[in-house]
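**Student:** Per this note's numbering, residue 127 is the first one in the sequence shown, and the count goes up by one each step.
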Amino acid sequence: WLYLPDPLPCGRECYFADRYIRSRGWMKRLADSSNCFVCGRDNPCSLKIAFYLEESGEVVSHFQLSDHYEGYPGIMHGGVIAAILDEICGRAVTSHEDEFMVTSRLELRYRKPVPINQDLVAKARRISRKGRVGIAHGEILDSQGTLLAEAEGVYVQIPEEKVKEMDPQRSGWRVEPDEN
């Protein structure tokens, strides 16, 4: 587990994220890849969102997206919202970083417009896991804790031999240190 020291390393001022993360204590940074649309470090179109596993087993991310990802003015595009919820729910059902799962079904509910250029939190938890199939529930909340969007996803584990063919190391799948 990673304990986040004072001051919290986050490439920009983010009072909400700093306050929230400190209130949660121990967290483990999860792996990301080079080219993923949601977490990709080297993809110029990536959302570059980092994910953390809390001791409770919940996966959490604090982020703020620019107007490059808006649909209507000031509102995040629904497809981007879906991608974030898909990613965080998928991470919640995996049991370790060398396990990969694909989305079988994703059901979304858009509760309120998701703003851009504001601090947001995404979180997800595993609902169940039976064999190769897992189910998770995810949410996006604003800085006051208002539910903006939620999803329930069903994920299927990729067989180990297929994961070896994918070669996660080649795609840059690894844990990166937080920016200072």
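The beta carbon of each residue, even a glycine, is placed where N, CA and C say it ideally should be. For clarity, every value in this text was computed on a predicted model and none was experimentally measured.
Tell me Gly313's beta-bridge partners as DSSP assigns them.
**Tutor:** The structure shown does not extend to residue 313, since the chain is modelled only from 127 to 306, so the question has no answer here.
**Student:** Could you pull the DSSP bridge partners for Pro239 from this structure?
**Tutor:** Residue mapping note: residue 239 aligns to position 113 of the sequence shown, counting from 1. Note: Pro239 sits in no beta bridge, so no partner.
**Student:** Taking the continuous beta strand (DSSP E) assigned at Glu286, which residues delimit it?
**Tutor:** In the sequence shown, the residue the question calls residue 286 occupies position 160. Element bounds for Glu286: not the beta strand (DSSP E) but the alpha helix (DSSP H), 286 to 292.
**Student:** Whole angstroms are fine: how far does the CA of Phe177 sit from the CA of Val164?
**Tutor:** Along the sequence shown, one-based indexing puts residue 164 at 38. Along the sequence shown, one-based indexing puts residue 177 at 51. When rounded, the distance between both Cα atoms is 10 Å.
**Student:** Alpha carbon to alpha carbon, how far is Asp245 from Ile214?
**Tutor:** In the sequence shown, counting from the first residue as 1, residue 245 sits at position 119. In the sequence shown, counting from the first residue as 1, residue 214 sits at position 88. In this structure, the straight-line span from the alpha carbon of Asp245 to that of Ile214 is close to 17 Å.
**Student:** Ordered along the chain, which non-local residues of its own chain (more than five positions away) have a Cβ less than 6 Å from that of Met292?
**Tutor:** By one-based count along the sequence shown, residue 292 stands at place 166. So no residue of the chain qualifies.
**Student:** DSSP three-state call for Arg258: helix, strand or coil?
**Tutor:** For the purposes of this step, residue 258 is taken as residue 132 along the sequence shown, with counting starting at 1. Here Arg258 carries a coil assignment [DSSP, helix/strand/coil].
**Student:** Take Ser187 as the anchor and find which of Asp168, Asp212, Phe226, Asp193 has the nearest alpha-carbon.
**Tutor:** For the purposes of this step, residue 187 is taken as residue 61 along the sequence shown, with counting starting at 1. Of the candidates Asp168, Asp212, Phe226, Asp193, the one whose C-alpha sits nearest the C-alpha of Ser187 is Asp212.
**Student:** Please report the Cβ distance between Ala250 and Glu184, rounded to the nearest whole angstrom; I am assuming they are in contact, meaning their Cβ atoms lie under 8 Å.
**Tutor:** Stepping through the sequence shown from its first residue, residue 250 is reached at position 124. Stepping through the sequence shown from its first residue, residue 184 is reached at position 58. That belief holds up - the Cβ atoms of Ala250 and Glu184 are roughly 7 Å apart, short of 8 Å.
**Student:** In or out: Glu287 buried (at least 16 other Cβ within 10 Å) or exposed?
**Tutor:** Here the question's residue 287 lines up with position 161 in the sequence shown. The residue is exposed, with fewer than 16 neighbouring Cβ atoms inside 10 Å.
**Student:** Between which two residues does the beta strand (DSSP E) harbouring Leu179 extend?
**Tutor:** The sequence position of residue 179 within the sequence shown is 53, counting from 1. Here the beta strand (DSSP E) through Leu179 covers 178 to 180.
**Student:** May I ask which residues mark the beginning and end of the beta strand (DSSP E) holding Val185?
**Tutor:** By one-based count along the sequence shown, residue 185 stands at place 59. Looking at the DSSP string, the run of the beta strand (DSSP E) that includes Val185 is 185 to 189.
**Student:** For Ile284 and Val228, which I take to be in contact (beta-carbon distance under 8 Å), what is that distance rounded to the nearest angstrom?
**Tutor:** Taking the sequence shown and counting its residues from 1, the one referred to as residue 284 is at position 158. Taking the sequence shown and counting its residues from 1, the one referred to as residue 228 is at position 102. Yes, Ile284 and Val228 are in contact; Cβ-Cβ is about 6 Å, under 8 Å.
**Student:** In the structure shown, what three-state DSSP assignment does Ile201 receive?
**Tutor:** Position 75 of the sequence shown, counted from the start, is the residue given in the question as residue 201. It is a strand residue.
**Student:** Is the beta carbon of Ser160 sitting closer than 8 Å to the one on Ile242?
**Tutor:** On the sequence shown, residue 160 is found 34 positions in, with the first residue counted as 1. On the sequence shown, residue 242 is found 116 positions in, with the first residue counted as 1. No, Cβ-Cβ distance for Ser160 and Ile242 is not below 8 Å.
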